[in-house]
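Note sheet for the following structure.
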Amino acid sequence: MKIFARKKGLHLGLKKRSKKERIVFIFVFIIFALYAATYLYAFGWAFIVSLRDRLEFLHKPFALPTVWHFENYINAFKALKVGDANLLVMFVNTIWYASGATLLNVFMSNIMAYAMAKYRSAYTRFYYTLSIFIMIIPVVGALPQQYALYDTLGLIDSPLFLIIYLGGVGSQIILFHGFYRGVSNDYAEAAKVDGAGPFTIYFRIMLPMSLPMTLALGIISFIGYWNDYMTVLLFLPKFPTLATGLYLFQSQPEIRSHYPLYYAAIIMATIPVVALYAAFQNKIMVNTVAGGLKG
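The C-terminal position of the sequence shown is numbered 386 in the working numbering, with every residue numbered one higher than the one before it.
Put into structure tokens, the structure is as follows:
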């Protein structure tokens, strides 16, 4: 058994930690555990508040509810509104915005990274450098020019605004580029021998190979767009999402009379992305790290 255990440890790439390494590991673990506890406390407190009576919360904000008001989750759909959009409309807007932006951005980043990794030229090197440079530009500094451009193109308050995510720039393209640089050219050469063209090679061979990483980056992007309130607030004010609606409602004077309903809406807006990340956290960690190392 001992021999088997040693072999298994070697197979998994494990090694016995020294005393100093164990101390550092315990210290880091405690820090991250405390960091996670702060998030769990905030989430738990918000959940308890969402089940309380309004007057009870105003007098004793940190006490447990005497009566659990689960109907707050139903009432939140009726009470919380931004303009004519209630919580249900915000849910629908969030789904189409986050899904559309994710699909367009991830696919374009994938195909652009493939072109830069496998068709190396002065143009692809320039675009790769440009992608990194764009990541450095402060977003706030470019907002006036962005708004003027989108307004000229008629994209303000239009679902066609999603076409801006076809740019294929950002951190995703860097990770996809690292992945495709690690893929052997033998696959493409063998396909060429069989008569496959560039599009066939990409859609039949390369794209399926990148699906695990595409799924991981897609989930991360979806969560980011789900929580993105500033972009929708500036460019799609007629289509408020959950993040935008909760942000706007927080600034309204009548928020004090709706705190339990407000926190009920926050919990409902948070649960989908938390569940999504919890279900795919292993795939996200393995595939994004692997893609980065291959670069």
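Yeah, the Cβ is synthetic: ideal placement off N, Cα and C, and Gly gets one too.
With 16 other Cβ atoms within 10 Å as the buried cut-off, status of residue i
i      : result
Leu105 : At Leu105 the pLDDT is 46, less than 50, meaning the model places this residue with poor confidence; the figure from the coordinates comes in the next sentence. Exposed is the call here.
Gly288 : exposed
Ser301 : buried
Ala176 : buried
Pro152 : exposed
Leu101 : Here the model assigns Leu101 a pLDDT of 44, short of 50, so the residue's position is not dependable, and the following value carries that caveat. Answer is exposed; the Cβ neighbour count stays below 16.
Leu384 : Confidence is the limiting factor: at Leu384 the pLDDT is only 41, short of 50, which leaves the residue's position unreliable, though a coordinate-based value still follows. When all chains shown are included, Leu384 counts as exposed.
Lys110 : exposed
Ile114 : exposed
Leu327 : buried
Leu146 : exposed
Leu337 : buried
First and last residue of the uninterrupted alpha helix (DSSP H) at residue i
i      : result
Asn201 : Leu178 to Lys209
Gln341 : Leu333 to Gln341
Arg108 : From DSSP, Arg108 is part of no alpha helix (DSSP H); its letter is neither H nor E.
Tyr405 : There is no way to answer for residue 405, as the model of the chain reaches only from 92 to 386.
Ser222 : Ala213 to Ile227
Closest Cα partner of residue i within the set the options
i      : options                           : result
Ala360 : Phe134, Leu302, Phe252 and Thr291 : Phe134
Ser312 : Leu146, Ile186 and Pro299         : Ile186
Trp159 : Ser342, Gln343 and Phe138         : Phe138
Leu257 : Arg108, Leu194 and Ser141         : Leu194
Met226 : Pro299, Gly259, Thr305 and Asn166 : Gly259
Leu325 : Phe252, Lys111, Ile228 and Ser141 : Phe252
Ala334 : Asn184, Leu142, Gly269 and Ala154 : Asn184
Thr322 : Tyr188, Asn276 and Ile292         : Tyr188
Gly261 : Phe290, Asn318 and Thr220         : Thr220
Pro363 : Asn318, Lys329 and Leu337         : Asn318
Ala192 : Leu131, Pro303, Tyr316 and Glu162 : Tyr316
Leu413 : Lys329, Ile255 and Pro250         : Nothing about residue 413 can be read from this structure; the chain reaches only from 92 to 386.
Val274 : Gly286, Pro299, Ser212 and Gln237 : Pro299
Tyr218 : Ser200, Ala233 and Tyr164         : Ser200
Beta-carbon spacing of residue i, residue j below 9 Å
i      : j      : result
Ala356 : Leu244 : no
Tyr350 : Phe148 : yes
Arg216 : Met207 : yes
Gln263 : Val197 : yes
Phe371 : Leu308 : no
Tyr205 : Tyr293 : yes
Phe340 : Tyr354 : no
Leu367 : Ile314 : yes
Phe118 : Leu142 : no
Arg295 : Ala282 : yes
Lys374 : Asp248 : no
Arg108 : Phe116 : yes
Leu266 : Met297 : no
Lys169 : Tyr271 : no
Thr129 : Asp144 : no
Every unbroken alpha helix (DSSP H) inside the stretch 130-164 [4 residues or more]:
The stretch 130-164 contains these whole alpha helix (DSSP H) runs: 145-150.
Alpha helix (DSSP H) runs wholly inside the stretch 242-306, at least 4 long, in chain order:
Here the runs fully enclosed are 262-272, 277-284 and 289-292.
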